[in-house]
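The numbering used here numbers the first residue of the sequence shown as 98 and each following residue consecutively.
Structure first, then comments.
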Amino acid sequence: MFQAIKGARHARPFAAWRIVVWLVMLLAAVGFVINTYASVLFAHAVGSVSADAIAAGAGDPRIGLAWSLAYALAAFAVMSLSLGTLRWRDWGRRAMRVVALLLMVWAAYTAWVSFDQWSQLGTVLSQTGLPADLLAAGQKHRTILLVGLLLKVVSVPVLAWLSWVMGSVSVRQQFAQPAL
């Protein structure tokens with residue numbers, strides 16, 4: 098009944114940066130889900146921990162709630178900007194350059210902190226007289242820290258490349274074409 102008016106299709110070349118933007122969006126979605134769930138748990142804990150217990154030294158769940166909410170909101174913003182970039186919006190491309198730089202700095206900082214924790218845990222675990230179950234749990238935690246550290250170290254140059262490529266002339270020209 099209604100015929101769609103089809104314009105000329107502009108074929109865009111393969112873009113490796115789109116894969117990286119998809120990964121950023123998917124990892125932000127995972128962080129959003131995890132921290133939204135953590136926010137719900139912290140919200141339940143806010144009502145169950147009394148002010149006297151907090152004054153006596155118990156952890157304040159309001160701090161965890163604030164961090165979880167801030168992380169969930171930041172993850173949502175990253176997801177939105179990534180989606181705008183994937184939909185060929187120029188504002189998404191410009192924002193993704195900044196997001197990639199911020200994530201790169203965050204990954205470098207947390208990698209440095211993880212390395213410090215990994216080395217301190219190695220010092221503790223090298224002491225004699227530790228129970229076998231504590232030693233096994235510590236080694237497992239140290240391995241998890243090492244894997245996270247390696248992933249963060251790999252992500253730093255990838256995010257730097259993403260920020261650079263989003264500002265390159267060839268990518269800017271691709272965004273100048275009309276969106277499909």
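Glycine residues also receive a C-beta, built at the ideal position from the N, C-alpha and C atoms.
What first and last residue would you give for the alpha helix (DSSP H) that runs through residue i?
i, result
"residue 181", "158-183"
"residue 239", "229-263"
"residue 272", "266-273"
"residue 217", "187-222"
Relative to the alpha-carbon of residue i, which residue among the options has its alpha-carbon at the smallest distance?
i, options, result
"residue 174", "156, 157, 159, 199", "199"
"residue 194", "136, 157, 255", "255"
In whole angstroms, what separates the C-alpha of residue i from that of residue j?
i, j, result
"residue 119", "residue 176", "9 Å"
"residue 264", "residue 234", "45 Å"
"residue 219", "residue 189", "43 Å"
"residue 151", "residue 159", "10 Å"
"residue 269", "residue 227", "58 Å"
"residue 127", "residue 224", "37 Å"
"residue 272", "residue 130", "30 Å"
"residue 215", "residue 202", "20 Å"
"residue 196", "residue 135", "24 Å"
Reducing DSSP to helix, strand and coil, say where residue i ends up.
i, result
"residue 146", "coil"
"residue 128", "helix"
"residue 115", "helix"
"residue 133", "helix"
"residue 153", "coil"
With a threshold of 6 Å (Cβ to nearest heavy atom), would residue i be considered close to the ligand GTP?
i, result
"residue 206", "Ligands are entirely absent from the displayed structure, and the ligand GTP is therefore not among its contents."
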